[in-house]
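Colleague: Dropping the structure in here first, questions after.
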Amino acid sequence: MKPILVAYGSLAIAIICEVIGTTFLMESEQFTRIGPTLTMAGLYVCSFYFLSQTLKIIPLGIAYAIWAAVGIVLTAMIGLVVFKQTLDVAAVFGIGMIIGGVLVINLFSRSLGH
């Protein structure tokens, strides 16, 4: 398998673990519930492990930008759907800009050979 595919696979796993971990952060109720708190911590450790594996191939700035941006978008969607939080026009516009930034990096940046 191509190393770049493995790197993006690791990045996807890192993002999924981070987003689920953040969901458990909400469920931990400021660390007052032990089960969600421990789950959150374990998922964050997994997220950083897989992010570190990504860095073998993808430069730090690119990997972190994708990890953070996709995590922001997915976490906002979970907040909207699961926790019934609302997003105003500015938030939707900002999230759209984040998505645009990730697309620019992946489509036009020469920092990473695709």
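So the sequence shown is numbered by the working numbering: it starts at 898 and just counts up by one.
Cβ coordinates follow ideal geometry from the N, Cα and C atoms, glycine included.
1. Could you check if glycine 902 is buried or exposed, using at least 16 other CB atoms within 10 Å of its CB as the buried criterion?
2. Got a sec, what are the start and stop residues for the alpha helix (DSSP H) threonine 933 sits in?
3. Does at least one heavy atom of the ligand PLP sit under 7 Å from the Cβ of phenylalanine 990?
4. Just to confirm the assignment, what range does the alpha helix (DSSP H) spanning leucine 984 have?
5. Alpha helix (DSSP H) containing methionine 923: first to last residue?
6. Where does isoleucine 955 sit, in a helix, a strand or coil, going by DSSP?
7. Can you tell me which of Lys899, Ile955, Ile913 and Val942 puts its alpha carbon nearest to the alpha carbon of asparagine 1003?
8. So, for threonine 920: in the same chain, excluding its five sequence neighbours on each side, which residues have a beta-carbon less than 6 Å away from its beta-carbon?
Modeller: Taking the coordinates as given:
1. Reading the sequence as shown, one finds leucine at residue 902 and not glycine. So leucine 902 counts as exposed.
2. It should be pointed out that residue 933 corresponds to proline in this sequence rather than to threonine. For proline 933, the enclosing alpha helix (DSSP H) covers residues 931 to 951.
3. Among the ligands in the structure shown, none appear at all, so the ligand PLP cannot be discussed.
4. Looking at the DSSP string, leucine 984 is not in any alpha helix (DSSP H), and its letter there is neither H nor E.
5. 900 to 924
6. If DSSP states are grouped into helix, strand and coil, isoleucine 955 belongs with coil.
7. Ile955
8. Cβ neighbours of threonine 920 beyond the five flanking positions: Ile975.
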